[in-house]
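J.: 394 is the number that numbering that gives the first Met the number 0 gives to position 395 of the sequence shown; each next residue is one higher, with no gaps. No residue lacks a Cβ here, since even glycine has one placed at the ideal position from N, Cα and C.
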Amino acid sequence: MKRLECHSSEPDCFRISLTTSNCAKLFPLGSNDYLLQRAIFEQLLTVGVDYDLYVIGFQELLPIWQASCPLRTRSCLRRLVPAILQRLNTGVENTPEVPAESNFQQGEGDSLLGSSDRQASHDSGRPAHHEWPSRPTPGIYRFVTCSAIGGVGLMLFAKEDLTVQVLRTCNVRCGTLGSSLKGSTAIQVLLSNTHCNQKFTFISSHFAAKEGSTKLSRRIRDYHITMRTLEKHLAPFQDGHVFFCGDFNFRISPRQPTDLQYSDRTVIERLLATQDELHNEMAAGAVFGGFEEARINFQPTYKYQLLQNEQKYDYTRQPSWCDRILYKNDPNSIRVHKYASIDRRPSLTFTDHQPVTLDVSVSCHTQLIAMAMQDIPPQSTIALYAGDCTDILLVLFSRLYCAPSVFDLVLLSLFLCLVILALFRWMV
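Here it is as structure tokens:
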């Protein structure tokens, strides 16, 4: 890889921190959980490095029934902004407040209907723009935007003195029957400094879980649904820098002895070289064509015992590197400073995953990128998407299972009647 002696203070590169975390549907999001949130982000986010941009991806942020509600995940992401800014602006007085919701236009992820290979959220083909104060404060970070689908979320934070234009967002459904149980969300931005403009696409994904060849095929399918949708609705998105993070769920196969020392570097290298599904499928050209991954020197990130301060695996699942961050490095413009898992301190033991972080410098290897994106034909509007129907059913059935009520029974009955009526009209 090309050596890039690049620091964020130099005008011809950007220093970026990316973090991905599967929250096992247990992230503390209550109104009284601010201190817990601060403790979590003190572990997740590194400060003291002159980053231009922080990118944070989440998976399984919410329980299924809540994540299936449109806009719920994005609302929860915005609720985390104060704790994140408090962490990023440590030692800085007068931390910037969260911009009012009215400041955000539709193109910044307000529509969370999601998309599959046949369906795209209404915002996914529209340029977005955000006006920030005309006198930015150097060294202070601000919230840029967020996007979400189901329990998958993505957040961007940038220096006040860095110009960031949000170009597009896109959501992809990959779950059963087109639901948002699995999926991806992407944000495309233009970063500008005094020297150049560069286009970046950041993707957070959660692919099919569990072990076995059938589930492996589902993961490969989820990847291709995501790429087809992004290529259609963010076109062209691969002519800039692309970072792909998330819980891809690729496993170590076959199962290994439970007494295997996963902290041993030799063991790590052997498993990744021969038993890791992601490496094997990339080598076969089945997934992530053109993407690279930095060298892994950390233990498998899944599955840990919950609420255990020590790093103890739950051997009901084969310990695997489910949580990864990949990138396109063409033409050799990315320098990796660090690729690591984040220690399971007490504040992070609520999840059975171990978060992963990537620290990179990206050089400006091209001239000014055109600000105008090519036009994409508007999406046709229909009353009810199959994926939306599935999400509504998930919400209703989950509520009936957890806390049944007459109101939920009435809603379910009405919804089923509407579906039957729609099917009848379609058939005749």
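#1: What residues match up with residue 154 in a beta bridge as DSSP calls it?
#2: Taking the alpha carbon of residue 71 as the point to measure from, which residue in 179, 143, 251, 355 has its own alpha carbon closest?
#3: Give the range of the beta strand (DSSP E) segment to which residue 223 is assigned.
#4: Could you pull the start and end residues of the alpha helix (DSSP H) that residue 46 belongs to?
#5: I think residue 190 touches residue 161, with their Cβ atoms under 8 Å apart; what is that distance to the nearest whole Å?
#6: Count the other CB atoms within 10 Å of the CB of residue 21; is the residue buried (16 or more) or exposed (fewer)?
#7: Would residue 258 pass as a contact of residue 301 if the rule is Cβ separation under 8 Å?
#8: Label residue 471 either buried or exposed according to how many other C-beta atoms from any shown protein chain fall within 10 Å of its C-beta, with 16 as the threshold for buried.
#9: Terminal residues of the continuous alpha helix (DSSP H) containing residue 270?
#10: What do you get for residue 48, buried or exposed, if any count of 16 or more other CB atoms within 10 angstroms of its CB means buried?
#11: List the endpoints of the continuous beta strand (DSSP E) containing residue 195.
#12: Since residue 72 is in the alpha helix (DSSP H), which residue starts that stretch and which ends it?
#13: Taking the beta carbon of residue 19 as the centre, do at least 16 other beta carbons fall within 10 Å, making it buried, or is it exposed?
#14: In three-state DSSP terms, what is residue 346?
#15: In whole angstroms, what separates the C-alpha of residue 12 from that of residue 159?
#16: Are the stretch 326-341 and the stretch 260-277 touching by the rule of at least three beta carbon pairs closer than 8 Å?
#17: Considering only residues of the stretch 282-356, which uninterrupted beta strand (DSSP E) runs meet the minimum length of 3 residues and lie entirely inside it, listed in chain order?
#18: Reducing DSSP to helix, strand and coil, say where residue 207 ends up.
#19: Can you give me the C-alpha to C-alpha distance between residue 330 and residue 287, rounded to a whole angstrom?
#20: Strictly by DSSP, which residues pair up with residue 240?
#21: At a cut of 8 Å, does the stretch 72-84 reach the stretch 167-177 through at least three beta carbon pairs?
T.: So, to answer that:
#1: Indexing the sequence shown from 1 puts residue 154 at position 155. Its beta-bridge partners are 55, 145.
#2: Walking along the sequence shown from the start, residue 71 turns up at place 72. The residue with the shortest Cα to Cα distance from residue 71 is 179.
#3: Counting from one through the sequence shown, the residue named residue 223 turns up at place 224. Here residue 223 belongs to no beta strand (DSSP E); instead the alpha helix (DSSP H) covers 212-232.
#4: Residue mapping note: residue 46 aligns to position 47 of the sequence shown, counting from 1. Careful: residue 46 lies outside any alpha helix (DSSP H) and carries neither H nor E.
#5: What you label residue 190 is simply residue 191 of the sequence shown in a count that begins at 1. What you label residue 161 is simply residue 162 of the sequence shown in a count that begins at 1. Right, their Cβ atoms sit about 7 Å apart.
#6: On the sequence shown, residue 21 is found 22 positions in, with the first residue counted as 1. Under this definition residue 21 is a buried residue.
#7: Here the question's residue 258 lines up with position 259 in the sequence shown. Here the question's residue 301 lines up with position 302 in the sequence shown. Against a cut-off of 8 Å, the Cβ pair of residue 301 and residue 258 comes out as no contact.
#8: Absent from the structure is residue 471, since the part of the chain shown begins at 0 and ends at 427.
#9: As a working mapping, residue 270 is identified with position 271 in the sequence shown. That run of the alpha helix (DSSP H) goes 264-273.
#10: If you number the sequence shown from 1, residue 48 lands on position 49. Under this definition residue 48 is an exposed residue.
#11: Mapped onto the sequence shown, residue 195 falls at position 196. Element bounds for residue 195: n/a, residue is neither H nor E.
#12: Walking along the sequence shown from the start, residue 72 turns up at place 73. Element bounds for residue 72: 71-87.
#13: Indexing the sequence shown from 1 puts residue 19 at position 20. So residue 19 counts as buried.
#14: Mapped onto the sequence shown, residue 346 falls at position 347. Here residue 346 sits in helix by DSSP.
#15: As a first step, residue 12 is located in the sequence shown; it is residue number 13 there, counting from the start. As a first step, residue 159 is located in the sequence shown; it is residue number 160 there, counting from the start. Answer to the nearest angstrom: the Cα atoms are 17 Å apart.
#16: no
#17: 322-327, 333-340
#18: Residue numbering aside, residue 207 sits at position 208 when the sequence shown is read from its first letter. Looking at residue 207 - three-state DSSP - the assignment turns out to be coil, as it is neither helix nor strand.
#19: Here residue 330 corresponds to residue number 331 of the sequence shown, with the count starting at 1. Here residue 287 corresponds to residue number 288 of the sequence shown, with the count starting at 1. Each residue's Cα considered, the two are about 17 Å apart.
#20: Against the sequence shown, residue 240 aligns to sequence position 241. Residue 240 pairs with 199.
#21: no
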